[in-house]
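Encoded as structure tokens, the structure appears first; notes follow it.
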Amino acid sequence: MELKRVVVTGLGALTPIGNNISEYWEALKSGKSGAAPITYFDTSLFKTKFACEIKNFNATDHFDRKEVRRLDRFAQYALVASDEAILDSGVDLDVVDKYRIGVIWGAGIGGLETFQNEVIDFAKGDGTPRFNPFFIPKMIADIAPGNISIKHGFMGPNYATVSACASSANAMIDALNYIRLGYSDIMVTGGSEAAVTQAGMGGFNSMHALSTRNEDPKKASRPFDANRDGFVLGEGGGALILEEYEHAKARGAKIYAEVIGGGMSSDAYHMTAPHPEGKGVIAVMKNCLENSGLKPEDVDTINTHGTSTPLGDVAELKAIKNVFGDHAKNININSTKSMTGHLLGAAGAVEAIASILAMQNSLVPPTINHETADENIDPDLNLTLNTPQERKIKVAMSNTFGFGGHNACVAFKKMDE
Amino acid sequence: MSDIASRVKAIIVDKLGVDENEVVTEASFTNDLGADSLDTVELIMEFEKEFDIQIPDDQAENISTVGQAVSYIEEAKK
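Protein sequence lines, in the order shown, are assigned to chains A and B.
Residues 1 to 417 (this note's numbering) are what the first sequence spells out, left to right.
Residues 1001 to 1078 (this note's numbering) are what the second sequence spells out, left to right.
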């Protein structure tokens, strides 16, 4: 059977550097860091005291009081980002067939704060299990897509993908494939995460995964810099409306880009460490090229996973050189995590959105905070350091990798006029 | 209004996000105040906590209005 073509017709973002698409793009262009001291809880006993929190977000601006209590922050972010994307798509929900609209949403963890607080309450008691009836339905990762469908009446395929930091990239690929195969006309996809909590910070700190540059949070996320010391935890949500091309054309929708393929692979190596030769990462980019019908020379930009960890950044760039050969030096490589921090399960979505906006604006956002070259990184690679670079982009790829060795890569192509 | 009634009312207003003047004696949690099955369980748990009482499940099933909650608690606190 012939696969249907799939395009992006709506975008939504709630990120540590901007609370909607236009703020997000302005911040990406200007190289703004979203890192700051944590405001949610007392960090005096924590090794890392900063993160990329969402700013100026009042849940009651978006939800009534009862809804706020029923929604963990990760689900609130999901609803806010998807609302923006649905509105942006211009789709008239009164005329479309809602059985043909699904939601596939990524969350690496889900309602971590809800889990943490309920367990703290339990531990303070006498052992009687007096858990709140909303504990489980607030916490489970799939409640985000569940709530999106409840709000809008979308009755197509609906579930969450969980592959740690690759979660929302997996969600986008599944959404792409359902439309390709003709199961749905429109998919709301993306991801959200809200792990800036005591459990999240403490847990990642124990793994030595987080930067501890407490004296200068804004400079802490520094992918590819010689003095990088771990990732900076971020939070938020990103949403994309994927739509079957003829369906989008028929309703005169604005089209941001075509989603031309996705790659998936596993490292099959270690729970948290990247494979030193990047075997799984090489495989995922090759899979993505093949699935998208691309030659390596077709690719203009790669928004890397680039988390600012000592091992991961080097392994990913080695893999890019392996896959793209001589063409690697022609590619604008960047890591927008230098600005947003690492949004875990939402990373794939917000970074894919950054790639699409870069394509639309012919401008590659910078990898900020680069001061010292790492001798393990080929100086011929263009890492889009510190300032944005103008570039006509025909094809953009976005990499995301998760603990557990999950790798996912998505490719977007500019629509031919 | 008794002290118990006003405390019950405050809990309902807080948990169900309803207006204070909707919380009348004969108001049903589900039919009038928009509660679902989970909200109802949460209300019972909040009453237990607020008044330091235990409401067994079989008796909780009979508490479906504001008035029934107030009477039950007044009885339990005697």
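Virtual Cβ for every residue (Gly too), placed ideally from N, Cα, C.
Bear in mind the structure is a predicted one, so any value in this text is a computation, not a measurement.
{"Check": "Could you give the C-beta distance for isoleucine 179 of chain A and leucine 242 of chain A, rounded to a whole number, given that I count them as a contact under 8 Å?", "Outcome": "6 Å"}
{"Check": "Using a Cβ cut-off of 7 Å, pull out every chain A residue sitting near leucine 1033 of chain B, in sequence order please.", "Outcome": "Correct list: empty, because the minimum Cβ distance to chain A is about 10 Å."}
{"Check": "Would you verify that the beta carbon of asparagine 132 of chain A is, or is not, closer than 8 Å to some beta carbon of chain B?", "Outcome": "yes"}
{"Check": "Quick check on arginine 65 of chain A - is its C-beta less than 8 Å from some C-beta in chain C?", "Outcome": "Checking the listed chains, one finds no chain C in this structure; the protein chains it contains are A and B."}
{"Check": "Taking all protein chains shown into account, do 16 or more other C-beta atoms lie within 10 angstroms of the C-beta of aspartate 1019 of chain B, making it buried, or fewer, making it exposed?", "Outcome": "exposed"}
{"Check": "Once you ignore the five residues that flank isoleucine 1044 of chain B on each side, which residues in its own chain have a CB closer than 6 Å to its CB?", "Outcome": "Ile1055, Ala1060"}
{"Check": "Helix, strand or coil: which one does DSSP assign to alanine 239 of chain A?", "Outcome": "strand"}
{"Check": "With 8 Å as the limit, tell me which residues of the segment 1058–1071 of chain B have their beta carbon closer than that to any beta carbon of chain A; keep them in chain order.", "Outcome": "none"}
{"Check": "Report yes or no: is there a C-beta of chain A within less than 8 Å of the C-beta of glutamate 1042 of chain B?", "Outcome": "yes"}
{"Check": "Any chance the segment 382–402 of chain A sits against the segment 318–338 of chain A, with 3 or more Cβ pairs inside 8 Å?", "Outcome": "yes"}
{"Check": "By how many angstroms is the C-alpha of serine 1002 of chain B removed from the C-alpha of glutamate 1026 of chain B?", "Outcome": "16 Å"}
{"Check": "Please report the residue range of the alpha helix (DSSP H) in which isoleucine 148 of chain A lies.", "Outcome": "143–152"}
{"Check": "Following the continuous beta strand (DSSP E) through histidine 406 of chain A, name the residue where it begins and the one where it ends.", "Outcome": "406–413"}
{"Check": "Alpha carbons only, please: which of A/Ile120, A/Tyr183, A/Ala273 is nearest the one belonging to tyrosine 99 of chain A?", "Outcome": "A/Tyr183"}
{"Check": "Our contact map puts glutamate 160 of chain A next to alanine 373 of chain A with C-beta atoms below 8 Å; I'd like the distance itself, whole angstroms only.", "Outcome": "A small fix is needed here, since residue 160 of chain A is alanine in this sequence, not glutamate. In fact, because the Cβ distance is near 40 Å, the residues do not count as touching under 8 Å."}
{"Check": "In the structure shown, what three-state DSSP assignment does tyrosine 269 of chain A receive?", "Outcome": "coil"}
{"Check": "Since I believe methionine 415 of chain A is in contact with glutamate 258 of chain A (beta carbons under 8 Å), could you give me their beta-carbon distance rounded to a whole number of angstroms?", "Outcome": "6 Å"}
{"Check": "Valine 212 of chain A: which of A/Glu277, A/Phe46, A/Gly404, A/Leu317 sits nearest, CA to CA?", "Outcome": "It should be noted that the sequence gives threonine, not valine, for residue 212 of chain A. Cα-wise, what sits closest to threonine 212 of chain A is A/Phe46."}
{"Check": "Under 6 Å Cβ to Cβ from alanine 319 of chain A, same chain only, skipping five residues before and after it: list those, please.", "Outcome": "Gly278, Val281, Ile282"}
{"Check": "Quick one: give me the first and last residue of the alpha helix (DSSP H) that threonine 372 of chain A is part of.", "Outcome": "Run containing threonine 372 of chain A: none; DSSP gives neither H nor E here."}
{"Check": "From A/Ile109, A/Ile150, A/Ala195, A/Ile136, pick the residue whose C-alpha is nearest to that of serine 163 of chain A; which is it?", "Outcome": "A/Ile109"}
{"Check": "Alpha carbons only, please: which of A/Ala408, A/Gly312, A/Gln198 is nearest the one belonging to phenylalanine 41 of chain A?", "Outcome": "A/Gln198"}
{"Check": "Around the Cβ of alanine 408 of chain A, are there at least 16 other Cβ atoms within 10 angstroms (buried) or fewer (exposed)?", "Outcome": "buried"}
{"Check": "Assess contact between the segment 4–18 of chain A and the segment 338–357 of chain A, defined as three or more Cβ pairs (one per stretch) separated by less than 8 Å. Is contact present?", "Outcome": "yes"}
{"Check": "Let me know if asparagine 376 of chain A comes out buried or exposed under the rule of 16 or more other beta-carbons within 10 Å of its beta-carbon.", "Outcome": "exposed"}
{"Check": "Using a Cβ-Cβ cutoff of less than 7 Å, which residues in the same chain neighbour phenylalanine 204 of chain A once the five nearest sequence positions on both sides are dropped?", "Outcome": "Leu210, Leu233"}
{"Check": "Between the C-alpha atoms of leucine 87 of chain A and leucine 363 of chain A, what's the straight-line distance to the nearest angstrom?", "Outcome": "25 Å"}
{"Check": "Between which residues of its own chain and arginine 70 of chain A is the CB-CB distance below 6 Å, once the five residues before and five after are set aside?", "Outcome": "Phe134"}
{"Check": "With burial defined as no fewer than 16 other Cβ atoms inside 10 Å of the residue's Cβ, what is the status of lysine 138 of chain A: buried or exposed?", "Outcome": "buried"}
{"Check": "Please state whether DSSP places methionine 155 of chain A in a helix, a strand or coil.", "Outcome": "coil"}
{"Check": "Could you spell out where the beta strand (DSSP E) holding asparagine 334 of chain A opens and where it closes?", "Outcome": "332–334"}
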